[in-house]
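Residue numbers (UniProt numbering): 1 to 563.
This is how it looks when you write it as structure tokens:
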């Protein structure tokens with residue numbers, strides 16, 4: 001009986017239109033055919049297969065080959081081998097599309113080998129192509145922790161360990177292994193020289209992904225091999241990323257490796273501010289306190305004003321235990337908020353939080369405008385101010401709408417009643433911010449997004465706590481091709497106003513532009529949880545979902561590869 005032929009020998013039978021593939025296959029065969037899996041190994045059942053019931057949700061339940069799969073496992077190791085071979089000769093560097101499956105099936109059918117088992121695997125690969133992220137053969141193998149496949153690709157087929165994914169995300173095989181927690185694959189790729197600090201489209205390194213997932217062991221491994229602990233991404237350093245999710249374990253490791261506890265992220269947050277803003281949404285109060293204590297022990301600045309002091313953020317969010325801790329370790333209760341010049345005790349009184357007023361009172365210097373300097377007097381003053389402002393709100397709104405005349409110049413119309421009890425500096429800041437917002441809105445109407453972005457940037461300098469400004473600037477960044485900047489502003493918007501759906505919509509839009517469809521879909525879903533009837537977010541969610549399916553099921557054709 002004739003010995004089984006290596007699978008690569010089938011591909012010269014492809015039609016002349018695929019001669020580049022033919023050529024690539026021949027070159028590869030001459031270089032390393034002995035190292036490739038022979039057809040005989042593909043025809044043998046996998047020794048590790050186990051019975052698997054037919055999936056009742058299969059999209060093609062009447063498929064002629066489905067009966068065969070009701071009694072045995074879909075041979076995914078064989079599928080991986082087929083993907084490797086196809087990729088190695090230039091067919092489908094991404095996923096296996098239906099067109100590429102047809103090409104490979106024709107090649108098998110035209111040979112003198114019994115390829116029935118391969119045919120069934122190819123058919124199932126086409127059906128399952130939308131269930132896996134085919135970022136590239138080495139990416140897939142690393143994500144799944146399939147070490148035999150990884151070694152074959154790197155050592156026999158000489159794949160680049162730092163190759164970027166096919167979807168434009170910029171992810172490397174090491175990034176994929178880290179994201180899935182595949183420690184053995186991580187160790188192997190590092191040993192083969194993988195770049196520990198290579199950044200993807202969002203600026204994330206493998207360390208960013210490790211801390212994002214809370215993988216302490218992998219984070220420690222990466223740092224021990226030389227990963228940069230302070231490399232910045234669209235969300236900041238790894239310490240910012242872990243703080244924003246309340247990941248105490250990885251934060252401790254990062255600080256042990258001298259991560260900067262006072263580094264300011266692109267959206268103008270320190271790690272201490274990040275953890276305070278994450279409390280309730282992504283971390284419990286107890287987790288927040290543990291993380292805060294770590295940062296304070298590492299020397300974090302208690303009075304940093306990026307974007308406002310930790311005490312102001314904790315007070316604004318009603319975090320009683322965090323306020324008490326910050327006061328205990330020496331936070332300054334007299335530093336006012338950047339916009340409006342209110343101190344923490346005034347913020348607490350305005351929101352009616354008596355317990356916070358009581359906590360802050362012994363640490364706050366008397367304010368001249370409050371005649372009765374007592375807990376009761378401060379609360380009463382706040383109530384009287386709120387009552388006065390309610391009566392002036394409609395007049396103030398009219399003033400803001402009329403601040404620009406037909407020539408785009410500032411209107412001098414002002415309401416005398418609205419100026420009572422306010423300083424000239426405060427009115428000036430409010431007026432300037434409103435004017436800049438109007439200029440920005442007009443620029444957007446004229447599709448001058450770069451100009452609008454500048455107006456919103458100036459407004460943010462006046463009021464860094466206005467979530468709407470970040471949302472508007474995120475939109476402008478996206479329109480001029482700055483997807484990473486758009487993502488930074490969207491994250492800032494969410495941090496400032498986590499219950500506003502628009503921030504999640506902006507984040508999803510930025511992630512869509514970065515081709516991070518899975519994360520975009522999650523962002524849109526977060527927005528829908530807040531506003532289930534929002535049609536814009538609904539449509540965006542389904543667009544992201546469809547984009548994921550297309551990305552997973554569409555590979556690169558041979559013609560595209562050799563253009």
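Even glycine gets a Cβ: it sits at the ideal position worked out from N, Cα and C.
Residues near residue i in its chain [Cβ-Cβ closer than 6 Å; skip 5 each side]
i           : result
residue 429 : 462
residue 245 : 282
residue 164 : 170
residue 515 : 167, 168, 169
Residues near residue i by beta carbon distance below 8 Å, same chain, minus five either side
i           : result
residue 497 : 467, 503
residue 233 : 199, 202, 203, 204, 205, 208, 241
residue 249 : 214, 216
C-alpha distance - residue i paired with residue j, whole-angstrom precision
i           : j           : result
residue 261 : residue 254 : 10 Å
residue 289 : residue 136 : 42 Å
residue 210 : residue 178 : 6 Å
residue 222 : residue 183 : 11 Å
residue 523 : residue 490 : 10 Å
residue 507 : residue 440 : 20 Å
residue 509 : residue 443 : 21 Å
residue 477 : residue 499 : 23 Å
residue 472 : residue 431 : 18 Å
residue 342 : residue 336 : 5 Å
residue 264 : residue 235 : 10 Å
residue 350 : residue 383 : 7 Å
residue 269 : residue 155 : 44 Å
residue 538 : residue 526 : 11 Å
residue 636 : residue 543 : Residue 636 is absent from the structure shown; the chain starts at 1 and stops at 563.
residue 218 : residue 287 : 21 Å
residue 275 : residue 454 : 29 Å
residue 247 : residue 212 : 8 Å
residue 352 : residue 338 : 21 Å
residue 157 : residue 256 : 39 Å
residue 540 : residue 387 : 41 Å
residue 377 : residue 197 : 56 Å
Test item: CB-CB of residue i and residue j under 7 Å
i           : j           : result
residue 271 : residue 295 : yes
residue 273 : residue 313 : yes
residue 436 : residue 458 : yes
residue 159 : residue 174 : no
residue 434 : residue 470 : no
residue 277 : residue 495 : yes
residue 547 : residue 505 : no
residue 185 : residue 145 : yes
residue 375 : residue 363 : no
Nonlocal neighbours in the same chain, by C-beta distance under 7 Å from residue i, ignoring five residues either side
i           : result
residue 299 : 261
residue 141 : 80, 149, 150, 153
residue 176 : 135, 139, 142, 143
residue 220 : 253
residue 420 : The predicted position of residue 420 is uncertain, since its pLDDT is 38 and thus under 50; a value taken from the coordinates is nonetheless stated next. Once the five neighbours on either side are set aside, residue 420 has no close Cβ partner at all.
residue 251 : 239, 242, 243, 291, 294
residue 193 : 161
residue 366 : 373
residue 310 : 272, 273, 276, 302, 326, 331
residue 501 : 527, 530, 531, 534, 537
residue 189 : 142, 161, 173, 174, 177
residue 551 : 167, 517
residue 48  : Below a pLDDT of 50, predicted positions are generally treated as unreliable, and residue 48, at 41, falls in that range; no measurement from the model is reported.
residue 147 : 184, 185, 188
Supposed contact pair residue j and residue i - C-beta distance, whole angstroms, cut 8 Å
i           : j           : result
residue 259 : residue 237 : 7 Å
residue 520 : residue 530 : In fact, because the Cβ distance is near 16 Å, the residues do not count as touching under 8 Å.
residue 315 : residue 347 : 5 Å
residue 230 : residue 195 : Actually they are not in contact, since the Cβ atoms of residue 230 and residue 195 sit about 17 Å apart, beyond 8 Å.
residue 486 : residue 474 : 5 Å
residue 379 : residue 320 : The pair is not a contact, with the Cβ atoms about 16 Å apart (cut-off 8 Å).
residue 345 : residue 333 : 7 Å
Near the ligand MN: residue i beta-carbon under 6 Å from a heavy atom
i           : result
residue 446 : Among the components modelled here there is no ligand, and therefore nothing to report on the ligand MN.
7 Å Cβ cutoff, residue i in contact with chain C
i           : result
residue 266 : The chain labelled as chain C is not found in the depicted structure, where only one protein chain is given.
Do three or more CB pairs link the region 442 to 460 to the region 314 to 328 at distances below 8 Å?
-> no
Inter-stretch contact at 8 Å, needing at least 3 Cβ pairs: the region 526 to 536 / the region 296 to 307 | no
Would you check if there are 3 or more beta carbon pairs closer than 8 Å linking the region 479 to 493 to the region 215 to 229?
-> no
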